[in-house]
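Numbering follows the UniProt record's numbering, with no gaps: position 296 of the sequence shown is 296. We put the CB at the ideal spot given by N, CA and C, even for glycine. Only a predicted model underlies this, so the values are computations on that prediction, with no experimental measurement involved.
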Amino acid sequence: MAARAGRRSVRAGVAARRRPSAADIRPGAGRAGCRSIAGSRGCRDPQGRLRRGQQRMSAWRLLLTRPAEESAALARVLADAGIFSSSLPLLETESLPLTPAQRSIIFELLNYSAVIVVSKPAARLAIELIDEVWPQPPMQPWFSVGSATGQILLDYGLDASWPEQGDDSEALLDHPRLKQAIALPGSRVLIMRGNEGRELLAEQLRERGVGVDYLPLYRRYLPQHAPGTLLQRVEVERLNGLVVSSGQGFEHLLQLAGDSWPDLAGLPLFVPSPRVASLAQAAGARNVIDCRGASAAALLAALRDQPQPAVKAY
């Protein structure tokens, strides 16, 4: 008898925990019949929300334009999220031979208050050069524009930092640790990059009284594609979104599009920064989405914020 009473007491306690009181229930803002529990978020249908989110994400069919290896890595992340993608590399890199004067910079790295590495190709090539000269990684502060580049440096053993918010030069210039590294008079900074790129970092640092040297390590170029390849790929694979990772990548997109650009300009175009967004809008792109970063996580976050796309959007 006592055991049955105990079981009834346990069942009553469980039921009390499971059934919210009237005071806990308030009308939901969503569809009819949806209730919101105090202390919880939104509708009591998390699986339904998850399914709708997955359906919206899986409706995307994206063109990736990064270098082949980077596009392959991004495609795997997108596939894990249920998103179809097709790779058409519009950027490839080629290492540059160094002059004797440029190579001597590697021997003199400790003369710099900080080293800035602007891209993943620059980071990989920098590490190869350091391996040739230094018995252990030089220990001054190193900086990168984005987290992926910074992680390459960090994994090698360099004292690397990068902005937590933003993947651009503006964000790096505001980084407290960079400001600290160049605070002393006579500070010098080395920028490792490609043979072309923005001058903003060097210009702003020089305005602050910092000496700046460049070490160009590679060049970027547009791979060979047959005329009409871009539009044909979009049509055949029913793509409804384009992804570019840099201003140069967008310029190559325009170059390859040629006369078909007006047909493609209405597609959602995912870009990494306000600067690239402005370039795209000035060129006539009508649906530009600024991901506020070039990482896979930034792209996924931007996709989640978009309405479900049309299967054929151009």
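C-alpha gap between residue i and residue j, whole angstroms
| i | j | result |
| --- | --- | --- |
| leucine 110 | glutamine 140 | 7 Å |
| valine 276 | aspartate 168 | 10 Å |
| alanine 148 | asparagine 287 | 27 Å |
| arginine 198 | glutamine 248 | 10 Å |
| leucine 62 | serine 119 | 23 Å |
| alanine 101 | alanine 59 | 53 Å |
| alanine 296 | leucine 78 | 8 Å |
| leucine 50 | glycine 82 | Model confidence at leucine 50 stands at a pLDDT of 47, short of 50, so the residue's coordinates are unreliable and nothing is read from them. |
| arginine 163 | valine 244 | This sequence places proline at residue 163; arginine is not what is there. Each residue's alpha carbon lies about 21 Å from the other. |
| alanine 298 | serine 113 | 31 Å |
| leucine 300 | threonine 93 | 26 Å |
| glutamate 237 | glycine 228 | 14 Å |
| residue 339 | leucine 184 | The chain is shown from 1 up to 314; residue 339 falls before or after that span and cannot be answered. |
| serine 95 | glycine 209 | 31 Å |
| proline 138 | leucine 158 | 7 Å |
Assigned secondary structure, residue i (DSSP; H/G/I helix, E/B strand, else coil)
| i | result |
| --- | --- |
| leucine 156 | The identity of residue 156 in the sequence shown is tyrosine, whereas the question assumes leucine. Tyrosine 156 falls in the helix class under three-state DSSP. |
| aspartate 305 | coil |
| tryptophan 134 | coil |
| residue 315 | Any property of residue 315 remains undetermined from this structure, which presents the chain solely from 1 to 314. |
| aspartate 168 | coil |
| valine 145 | coil |
| alanine 202 | helix |
| serine 21 | Confidence in serine 21 is poor, its pLDDT being 40 and thus under 50, which makes the residue's placement unreliable; the coordinate value appears in the next sentence. DSSP places serine 21 in coil when its eight states are reduced to three. |
| leucine 300 | helix |
| arginine 219 | strand |
| arginine 61 | strand |
| leucine 269 | strand |
| threonine 99 | coil |
| valine 276 | helix |
Sub-7 Å separation of residue i and residue j beta-carbons
| i | j | result |
| --- | --- | --- |
| alanine 160 | tryptophan 134 | no |
| residue 377 | leucine 129 | Shown here, the chain extends from 1 to 314; a query on residue 377 therefore has no answer. |
| alanine 126 | methionine 57 | no |
| arginine 220 | glycine 194 | yes |
| histidine 175 | leucine 222 | no |
| cysteine 291 | alanine 302 | yes |
| phenylalanine 269 | leucine 230 | In the sequence on display, residue 269 carries leucine and not phenylalanine. For leucine 269 and leucine 230, no; Cβs fall outside 7 Å. |
| phenylalanine 250 | leucine 215 | no |
8 Å CB neighbourhood of residue i in its chain, flanking five on each side removed
| i | result |
| --- | --- |
| glutamate 170 | Leu200 |
| proline 262 | Gly284 |
| arginine 18 | The predicted model places arginine 18 with a pLDDT of 38, which falls under 50 and marks its position as unreliable; any figure quoted below should be read in that light. The answer is none, since no qualifying residue turns up. |
| leucine 239 | Arg61, Leu62, Leu63, Ser86, Arg233, Leu267 |
Contacting residues, own chain, Cβ-Cβ under 7 Å from residue i (five flanking each side not counted)
| i | result |
| --- | --- |
| serine 71 | Leu64, Ser87, Pro89 |
| alanine 32 | Its pLDDT being 38, under 50, alanine 32 is placed unreliably in this model, and the coordinates cannot settle the point. |
Beta-carbon separation (whole angstroms), residue i vs residue j, contact threshold 8 Å
| i | j | result |
| --- | --- | --- |
| valine 212 | alanine 202 | 5 Å |
| alanine 122 | leucine 217 | 5 Å |
| glycine 166 | glycine 293 | 7 Å |
| valine 115 | leucine 190 | 5 Å |
Proximity test, residue i beta-carbon vs the ligand SAH heavy atom, cut-off 6 Å
| i | result |
| --- | --- |
| alanine 72 | Within the structure as shown, the ligand SAH is missing, as the structure has no ligands at all. |
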